[in-house]
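Mapping the sequence shown onto this note's numbering, position 8 (from 1) lands on 203, and the numbers just tick up by one.
Idealized CB from N, CA, C, for every residue including glycine.
Down below is the structure, laid out as structure tokens.
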Amino acid sequence: MKAQSSQSSPDRNSWRHQYESLASGACAYFGCAAKAATGHSHCRQHLAKMSNERKKEVRARKCQSRCVDCGERPQFWGVRCILCRQRCVKDSDRLPTGALRALRLYKDAERMLAIEQQQAKARFEIRKLLAMREVEGAQAKALRLYAGVDDGLWRSHAEVGRLMHLSRERVRQLLAPFKTILSITPGH
Numbered sequence: 196m197k198a199q200s201s202q203s204s205p206d207r208n209s210w211r212h213q214y215e216s217l218a219s220g221a222c223a224y225f226g227c228a229a230k231a232a233t234g235h236s237h238c239r240q241h242l243a244k245m246s247n248e249r250k251k252e253v254r255a256r257k258c259q260s261r262c263v264d265c266g267e268r269p270q271f272w273g274v275r276c277i278l279c280r281q282r283c284v285k286d287s288d289r290l291p292t293g294a295l296r297a298l299r300l301y302k303d304a305e306r307m308l309a310i311e312q313q314q315a316k317a318r319f320e321i322r323k324l325l326a327m328r329e330v331e332g333a334q335a336k337a338l339r340l341y342a343g344v345d346d347g348l349w350r351s352h353a354e355v356g357r358l359m360h361l362s363r364e365r366v367r368q369l370l371a372p373f374k375t376i377l378s379i380t381p382g383h
């Protein structure tokens, strides 16, 4: 008995059928046999259906004061957020200088927020280690100073070394076992 390896799977046949229908000018909506509208890959009925769904989505996002494109960030000078607005503009010089400055400041603020969140997460993990007394002695002191557990100021290895009267390399060695926790803090 001959194996049926030469036949394709049902999924592959259905996609082949869809591509063949596209090539023949049929609607790209799966299972629709109507002729595609001129200049489009869908028939008029499915174009209208997709348009209505998009309009509903845009109305909902406008009601929530969210960007109509991404739906994530708040609107800025219209219906788009500042990032989507920048992406939609063909020439970035068309945006006013104030808008470009606002865009730069917004991106900087997002980056700083991400850094602060990462630092807060690392500081929380360090506090847990110190509270459970899993770290003691010089390692605990170096970790406490590095993460700024007491005063909230992150320090470099050199600054911790000066405070502890150790070399920067020795501080790095003391903090090496905690590299996974400290690696989420950028710039340190």
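CB-CB length for Leu308 against Gln281, believed under 8 Å: In the sequence shown, the residue the question calls residue 308 occupies position 113. In the sequence shown, the residue the question calls residue 281 occupies position 86. Wrong, their Cβ atoms sit about 19 Å apart, outside the cutoff.
Distance, Cα to Cα, Ala337 vs Leu369? On the sequence shown, residue 337 is found 142 positions in, with the first residue counted as 1. On the sequence shown, residue 369 is found 174 positions in, with the first residue counted as 1. Taking the straight line from one Cα to the other gives about 7 Å.
Could you give the first and the last residue of the continuous alpha helix (DSSP H) run that contains Gln281? To locate residue 281, count along the sequence shown from 1; it is residue 86. Its alpha helix (DSSP H) spans residues Ile277 to Cys283.
Contact belief for Ala221 with Ala231 at Cβ below 8 Å, rounded distance in angstroms: Locating residue 221 in the sequence shown gives position 26, where the first residue counts as 1. Locating residue 231 in the sequence shown gives position 36, where the first residue counts as 1. At roughly 6 Å, the Cβ-Cβ gap stays under 8 Å, so Ala221 and Ala231 are in contact.
Beta-carbon proximity list for Arg328, same chain, < 7 Å, skipping 5 on both sides: Counting from one through the sequence shown, the residue named residue 328 turns up at place 133. Here the set comprises nothing.
Classify His352: buried if its beta carbon has 16 or more other beta carbons within 10 angstroms, exposed otherwise. Sequence index remark: in the sequence shown, residue 352 carries index 157 (1-based). So His352 counts as buried.
Secondary structure at Ala297, three-state DSSP: helix, strand or coil? Here residue 297 refers to the residue found at position 102 of the sequence shown. Ala297 falls in the helix class under three-state DSSP.
Endpoints, alpha helix (DSSP H) assigned at Gln259: Counting from 1 along the sequence shown, the entry for residue 259 is found at position 64. Run containing Gln259: none; DSSP gives neither H nor E here.
Counted within 10 angstroms of its Cβ, other Cβ atoms place Cys276 as buried (16 or more) or exposed: Within the sequence shown, the letter at position 81 stands for residue 276. Cys276 should be labelled buried.
Less than 8 Å separating the beta-carbons of Ala317 and Leu325? Taking the sequence shown and counting its residues from 1, one reaches residue 317 at position 122. Taking the sequence shown and counting its residues from 1, one reaches residue 325 at position 130. No, they are not a contact pair.
Roughly how many angstroms lie between the CA atoms of Arg254 and Phe319, to the nearest whole one? Locating residue 254 in the sequence shown gives position 59, counting from the first residue. Locating residue 319 in the sequence shown gives position 124, counting from the first residue. Cα to Cα, the separation comes out at about 41 Å.
Just to confirm the assignment, what range does the alpha helix (DSSP H) spanning Met359 have? Counting from 1 along the sequence shown, the entry for residue 359 is found at position 164. Where Met359 is concerned, the enclosing alpha helix (DSSP H) stretches over His352 to Met359.
N- and C-terminal bounds of the alpha helix (DSSP H) containing Lys230: As a working mapping, residue 230 is identified with position 35 in the sequence shown. Premise fails: Lys230 is in no alpha helix (DSSP H) and is neither H nor E.
Per DSSP, Pro269 forms a beta bridge with which residues? Translated into the one-based positions of the sequence shown, residue 269 becomes position 74. DSSP, once it has assigned bridges, lists Arg261 as partnering Pro269.
On the CB-based measure, 16 or more other CB atoms within 10 Å of its CB, does Gly356 come out buried or exposed? What you label residue 356 is simply residue 161 of the sequence shown in a count that begins at 1. With 16 or more Cβ atoms within 10 Å of its Cβ, Gly356 is classed as buried.
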